[in-house]
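First residue of the sequence shown: 1, per UniProt numbering; consecutive thereafter.
Report on the structure given below.
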Amino acid sequence: MPVKDHICPKCGKPLKLMLPPGGEGPRTYQCIHCDRPDPIKSPQLKKLIKGLLHEPKK
């Protein structure tokens, strides 16, 4: 019996079974092309930039 393919309604590419952001909770089907989080808005990157862009200590 064939497995039903999950197709992205936006781009038509196959969906992948992935963990939600943070790795907690049940896996869901997500499109790696349309549903990919913006890396510039990631909390880890914001912390890194904030740490790098501080005033020098006197």
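Glycine included, every Cβ here is placed at the ideal spot set by N, Cα and C.
Model, not experiment: these values are computed from the prediction.
When DSSP states are grouped into helix, strand and coil, L17 belongs to the strand group. At a Cβ-Cβ threshold of 8 Å, K10 and C31 count as neighbours. For I49, the three-state secondary structure derived from DSSP is helix. With a cutoff of 8 Å on beta-carbon distance, Y29 and L19 are scored as not near each other. A direct Cα-to-Cα measurement between K50 and R27 gives close to 32 Å. The C-beta distance from P39 to L45 rounds to 6 Å, short enough to meet the 8 Å contact threshold.
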